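A short worksheet on the structure shown next.
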Amino acid sequence: AWDFDLLGLGDAHLVVTTGVDPDESLAWHDALVPVVDIEPLDLVRAADRIRRRREVVLRGAATNALYTGIAAIAQPGYVDTSVPLHPARAVADAKAVIPTDGVVVVDPGVAGLWFARTFPTSVLGSVVVPATRAPGVAAALAYAASTRGRPALAVTTSPLDPVTDAIAALARADGTSFVLDAWEPDAPVGPIHEHTQVLADGFARGGVARVRTPVALHRTADLVEVAGPVVAWGGLDPEE
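Per the numbering used here, the sequence shown starts with residue 1150, numbered consecutively.
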């Protein structure tokens, strides 16, 4: 993807990073500009040294081409009333129904891309998109969160893999609750408001609530057009 270019990192004199997962940030971005990585445990000491060496001027975040490009897709998508659902509308629905202390976990791939790009993250840790692919990872993390008392929504795409099915069966057997929302272009189509209602009912009912959501997955081409081919997770599966 073209994220680093669109963010304008090439115009910076130096980029300071911390806690960056190599699976989330490819090494080639270093060629754009010098990069200094600081270990998270050293942040306090580093910040103190910077303050003592020179006056630090804080500025608001500048608007960049990545933000404006994705916003031009996401903002109309959030309120799109067409069915199958615009992917950004499906993301907004998840945001609307997840409890304040809840978490949304999304499988890498098309669904993960839309959540990573368009989920409005107002609560730290409220959405997780793993940096590497693993069968059933969204269901597994939702299951783990639920056992710790957090309402959890796992989002994936159809067809479900065998590991996801096995985790759902385990949760049913031991009484663990989470909502499993599977995006599929050919799912039964209902009124636009039905998605939020079905998700909310799933949280209220308890157990493993399986939801089939009709989503226009072909709209993913819009994100690729704005930000370039997906490189996360080794790229998108051609069948997604």
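Note that beta-carbon positions come from the ideal geometry of N, C-alpha and C, so glycine has one too. Small disclaimer: the values here were computed from a predicted structure and weren't measured.
{"query": "Cut-off 8 Å between Cβ atoms - residues of its own chain near residue 1299, not counting five sequence neighbours on either side", "result": "1250, 1251 and 1252"}
{"query": "Rounded straight-line distance, which links the Cα of residue 1262 to that of residue 1378", "result": "11 Å"}
{"query": "Residues that residue 1362 bridges to, as DSSP identifies them", "result": "1332"}
{"query": "Option nearest residue 1332 by Cα separation, candidates 1324, 1344, 1340 and 1323", "result": "1344"}
{"query": "Stretch-stretch touch, CB-based, cutoff 8 Å, three pairs: the stretch 1232-1239 with the stretch 1272-1285", "result": "no"}
{"query": "Residue 1216, buried or exposed, once every other Cβ within 10 Å from all chains shown has been counted against 16", "result": "exposed"}
{"query": "Contacting residues, own chain, Cβ-Cβ under 7 Å from residue 1195 (five flanking each side not counted)", "result": "1187"}
{"query": "Rounded separation between residue 1223 and residue 1267 - CA only", "result": "6 Å"}
{"query": "Proximity to residue 1316 [Cα-Cα], best of 1247, 1360, 1288 and 1212", "result": "1288"}
{"query": "Per-residue DSSP class, three states only, for residue 1386", "result": "coil"}
{"query": "Assigned exposure category for residue 1226 - 16 Cβ within 10 Å defines buried", "result": "buried"}
{"query": "For residue 1212, three-class secondary structure by DSSP", "result": "coil"}
{"query": "Extent of the continuous beta strand (DSSP E) run through residue 1373", "result": "Residue 1373 -> not in any beta strand (DSSP E); alpha helix (DSSP H) instead, spanning 1369-1376."}
{"query": "For residue 1295 and residue 1248, the rounded distance between their alpha carbons", "result": "12 Å"}
{"query": "Residue 1310 CB to nearest heavy atom of the ligand SAH below 8 Å", "result": "The model depicted lacks the ligand SAH and carries no ligand whatsoever."}
{"query": "Neighbourhood of residue 1173 by C-beta distance below 8 Å, restricted to the same chain and skipping five residues each side", "result": "1280 and 1381"}
{"query": "C-alpha gap between residue 1313 and residue 1244, whole angstroms", "result": "22 Å"}
{"query": "Per-residue DSSP class, three states only, for residue 1229", "result": "coil"}
{"query": "Residue 1168, buried or exposed, once every other Cβ within 10 Å from all chains shown has been counted against 16", "result": "exposed"}
{"query": "Own chain residues within Cβ distance below 7 Å of residue 1334, not counting five before or after", "result": "1233, 1363, 1364, 1365 and 1366"}
{"query": "Residue from 1283, 1323, 1305 and 1284 whose Cα sits closest to the Cα of residue 1264", "result": "1305"}
{"query": "Spatial distance of residue 1385 from residue 1150 (CA atoms)", "result": "12 Å"}
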